[in-house]
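Undergrad: Could you have a look at this structure, given as structure tokens, before my questions?
Residue numbers (the working numbering), protein chains in the order written: chain A, 408 to 816; chain B, 408 to 816.
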């Protein structure tokens, strides 16, 4: 089977047909970096969202969920950075609703076709006069090549912008899928949260889009951890304009012959963004990938992979380039999932350190050399079933402590 | 109600009647610090144990469990530090059994009255010739004031020894309860594990002792976290000689009029040792105590308290003396327990930072001053039920990263 899709170099959220994007500085960030952005579609787009499991959900999530609940479509997503509008009570809710109505007026779209999201400090009221002025200025900034402006507007402590785009053939027509994301700590209330925005010009129903987004999120965004914390504002939203081939293409359903290719492309975008967030984790010097195979089930594999990637001791050892497999097996053993204690293999890259639960003599120097790189692959094979999963994270460094010990001011 | 028990200054595991202890250097640690120790009782003592939930349990745990399973009594506990005898396969099991039989021979007690435990490097075979020689030398080192020798023998990366003793009146007679513990990271396979050893001269059945130990462990040792990792070797063991008042005192049962006092004293010893471990956490500069009240149940309170104390972001903020309550409420919200999102109070010491889920203006300077101390109390009141719990931990520091990034060699 050849490549099912193609990466579009330089592509972004405005590459799929029908989308424009914008970014500007309205005054929420202290420096003059962009802090307000929008993605706007020519037509109401089939849309789907997934939200944080944190019980203290920020006000914007409630508003976006309400918009999506109306007819499953969005025409504009607006986002501000610098203030999370979380733990802000009734005023915060009123502010999120006002952000929605002001955006609807500015872009000339239905109120219930607008989603809003915020990221930044918790517990501070949104400075609404700045937001209002910013929203009024957004329409004239909308550009067909506005992907980067939008990406800049959603960053907080992120060091790099995160976007990607792929194309895939559906019924002989080129369909694009793109995404942008932000996130550096899973949560750091100074400047917080993981956000993902995906666009596509595929023609697909809200229900199928939601099912696909949920599945892909479980295998990508939900498989990364920087520090085990979950933000009050996490959200991933996808909008599908249906404008590929001017909209005369057949609707994409799981029965469509090109569904597998579309799904693979969609998954690629999610995984690309998720890994970009993990690699850009606060203070990180490397991306760590943990693959678990041979588990009792995929769920068990997921839980084990996340326990290993979340272990402070494993993360510290990777920072120190120490091939400390004892910490890995200890994490496997406390994940609360079935394991056979006599059949575990552990590899670091190509280096076998444990085989059938017995230590293997390996070249410590070669292992240290491998662990010093900017990508570390940990493979745990449990040899007990068909379950598998992959999780991503980063090392735990002095810099992480420095960033998170700093005063909020 | 007055004080139910009295702290015995300078008391240790040999203060309760019938116990002696010893420590010596047999060569498992590279420096000449003690690395082998024992507590021995004049008579077979009613005994109980709790063990790690990690599925990769080290060989010594299996052997100790087997001894206790025979007739619920132990007369000697031997422990080595410097090597965990974990992930060592069949040879490791054979070595643990040999440690038991050699100790039984040395002390002249029944094999099934000996418990063994190990802490140190994972995956290395125990150097048995050193252990054998060491065990043979232990009997002549046994002392009625050997508590400190024993304490030294169980330490690994610990900076301080951890022991305490209290006395309590039972039926007009003085009963002693004492304990010693080690632990610095929940696990750090270089030099690993949390171990607790308690002794008492109370007359109590194995069944009542086990029930009490399990209850107290849940509220003390199981409520601390340094880094969220769980060792393969964690164990807490208690031995009750029954020799208080020369053994003619009535047996302690939950129906005994002094049971409440005994239980409170027992709990004090467990909590003292647990807090000592948390305070001595790797790289820690302070002890953090998290109290949760007003939760739906005690179980919910426990889960929430442990999530807050385990948050890398909360720990980093405490290190940085940053009154970042947003991280605390975010941790409360992701603990997977019921909360009312509108009724949460958060206090740092006496400083109210959140009331009925609304931010309270507080003196940032005063808060920073408080957080700079070596003890930080975080109080979360959910105002929804009778559940409460307390958890202990420490801050996350540069030093933690340094210790755990270091090479094993």
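Ideal placement from N, C-alpha and C gives every residue a C-beta, glycine not left out.
Examine chain A for any beta-carbon lying closer than 8 Å to the beta-carbon of residue 631/B, and answer yes or no.
TA: Closer than 8 Å: no.
Undergrad: Taking only beta carbons into account, state which residues of the segment 713-728 of chain A come closer than 9 Å to chain B, listed in chain order.
TA: The residues in question are 717, 718, 719, 720, 721, 722, 723, 724, 725, 726, 727 and 728.
Undergrad: Residue 764/A versus chain B: which residues are under 9 Å apart at the beta carbon?
TA: By Cβ distance, chain B contributes 463, 494 and 496.
Undergrad: Flag this pair as yes or no: are the beta carbons of residue 553/B and residue 647/B separated by less than 8 Å?
TA: Not closer than 8 Å, so no.
Undergrad: For the segment 695-771 of chain B, list the alpha helix (DSSP H) runs that are entirely contained and at least 4 residues long, ordered along the chain.
TA: If we require 4 residues or more, the alpha helix (DSSP H) runs fully inside the segment 695-771 of chain B come out as 705-717, 719-726 and 732-740.
Undergrad: Is residue 646/A helix, strand or coil when you go by DSSP?
TA: Reduced to three states, the DSSP call for residue 646/A is strand.
Undergrad: Please report how far the alpha carbon of residue 442/A lies from the alpha carbon of residue 490/A, in whole angstroms.
TA: Whole-angstrom Cα-Cα distance: 9 Å.
Undergrad: So residue 788/A is in the beta strand (DSSP E); what residue range does that whole segment cover?
TA: Per DSSP, residue 788/A belongs to the beta strand (DSSP E) from 782-788.
Undergrad: Evaluate residue 763/A with the Cβ neighbour count: other Cβ atoms within 10 Å of its Cβ, from every protein chain shown; 16 or more gives buried, anything less gives exposed.
TA: It is exposed - the Cβ of residue 763/A has fewer than 16 other Cβ atoms within 10 Å.
Undergrad: Using DSSP bridges, identify the partner residues of residue 574/A.
TA: BP columns for residue 574/A point to 413/A and 583/A.
Undergrad: Between which residues of its own chain and residue 790/A is the CB-CB distance below 6 Å, once the five residues before and five after are set aside?
TA: The residues are 701 and 750.
Undergrad: Could you tell me the distance, in whole angstroms, from the CA atom of residue 440/A to the CA atom of residue 559/A?
TA: The straight-line gap from Cα to Cα measures roughly 8 Å.
Undergrad: Which bits of chain B does residue 808/A rub up against, with CB to CB less than 8 Å?
TA: Ordered by position in chain B, the residues that pass the 8 Å Cβ test against residue 808/A are 723, 726, 803, 804, 805, 807 and 808.
Undergrad: Is there a C-beta anywhere in chain B that falls below 8 Å from the one on residue 811/A?
TA: Answer yes: the Cβ-Cβ gap between residue 811/A and chain B drops below 8 Å somewhere.
Undergrad: Got a sec, what are the start and stop residues for the alpha helix (DSSP H) residue 622/B sits in?
TA: Run containing residue 622/B: 613-626, per the alpha helix (DSSP H) assignment.
Undergrad: Are the CB atoms of residue 604/B and residue 446/B within a distance shorter than 8 Å?
TA: A contact, by the Cβ cut-off of 8 Å.
Undergrad: For a contact meaning CB atoms closer than 7 Å, what does residue 530/A contact in chain B?
TA: Chain B residues near residue 530/A: 733 and 766.
Undergrad: Just the C-alpha distance for residue 805/B and residue 717/A, rounded to the nearest angstrom, thanks.
TA: Near 18 Å, if we compare the C-alpha coordinates of residue 717/A and residue 805/B.
Undergrad: Please find out if some non-hydrogen atom of the ligand GDP comes closer than 7 Å to the beta-carbon of residue 543/B.
TA: No copy of the ligand GDP appears in this structure; indeed no ligand is present at all.
Undergrad: Just list the alpha helix (DSSP H) runs in the segment 528-559 of chain A, keeping only unbroken ones of 4 residues or longer that don't cross its boundaries, in chain order.
TA: Within the segment 528-559 of chain A, the complete alpha helix (DSSP H) runs of at least 4 residues are 535-544.
Undergrad: Return the first residue and the last residue of the alpha helix (DSSP H) that residue 471/A is part of.
TA: 466-478 is the span of the alpha helix (DSSP H), which, as asked, contains residue 471/A.
Undergrad: I'd like to check one pair, residue 722/A with residue 803/A: are the Cβ atoms closer than 8 Å?
TA: Cβ atoms of residue 803/A and residue 722/A: closer than 8 Å.
Undergrad: From residue 494/A to residue 477/A, what does the alpha carbon distance come to, in whole angstroms?
TA: Using only the alpha carbons, I get a separation of about 25 Å.
Undergrad: So that I know if they touch, is there some Cβ in chain B lying closer than 8 Å to that of residue 704/A?
TA: No, residue 704/A lies away from the interface with chain B (no Cβ there is under 8 Å from its Cβ).
Undergrad: Identify the residues that DSSP records as bridge partners of residue 483/A: which are they?
TA: Paired residue(s): 447/A and 521/A.
Undergrad: Does the beta-carbon of residue 667/A have 16 or more other beta-carbons within 10 angstroms, so that it is buried, or is it exposed?
TA: Label assigned to residue 667/A: exposed.
Undergrad: Following the continuous beta strand (DSSP E) through residue 682/A, name the residue where it begins and the one where it ends.
TA: Taken as a continuous stretch (DSSP letters only), residue 682/A belongs to no beta strand (DSSP E), being part of the alpha helix (DSSP H) at 666-686.
Undergrad: Which of helix, strand or coil does DSSP assign to residue 794/B?
TA: Note: residue 794/B maps to strand in three-state DSSP.
Undergrad: Give a yes or no on whether the C-beta atoms belonging to residue 755/A and residue 796/A are separated by under 8 Å.
TA: Contact: no.
Undergrad: Short of 8 Å in beta carbon distance, which residues of its chain neighbour residue 615/B, apart from the five on each side in sequence? Order them along the chain.
TA: 659, 660 and 661.
Undergrad: For residue 450/A, which residues in the same chain have their Cβ closer than 8 Å to its Cβ, ignoring the five residues on either side in sequence?
TA: These residues qualify, in order along the chain: 425, 482, 648, 649 and 650.
Undergrad: Rounded to whole angstroms, what is the Cα-Cα separation between residue 630/A and residue 544/A?
TA: If I take the Cα positions, the gap works out to 37 Å.
Undergrad: Taking CB distances under 8 Å as the criterion, tell me whether residue 596/A reaches chain B.
TA: Below a pLDDT of 50, predicted positions are generally treated as unreliable, and residue 596/A, at 34, falls in that range; the measurement from the model is reported next regardless. Yes, contact with chain B.
Undergrad: By Cβ distance below 7 Å, which residues in the same chain neighbour residue 531/A in space, the five residues on each side in sequence not counted?
TA: Excluding positions up to five away in sequence, the list reads 490.
Undergrad: If you drop the 5 nearest sequence neighbours on each side, which residues of the same chain put their C-beta closer than 6 Å to that of residue 809/B?
TA: Around residue 809/B: no qualifying Cβ.
Undergrad: Pick helix, strand or coil for residue 437/A, following the three-state DSSP scheme.
TA: Three-state DSSP puts residue 437/A in coil, outside helix and strand.
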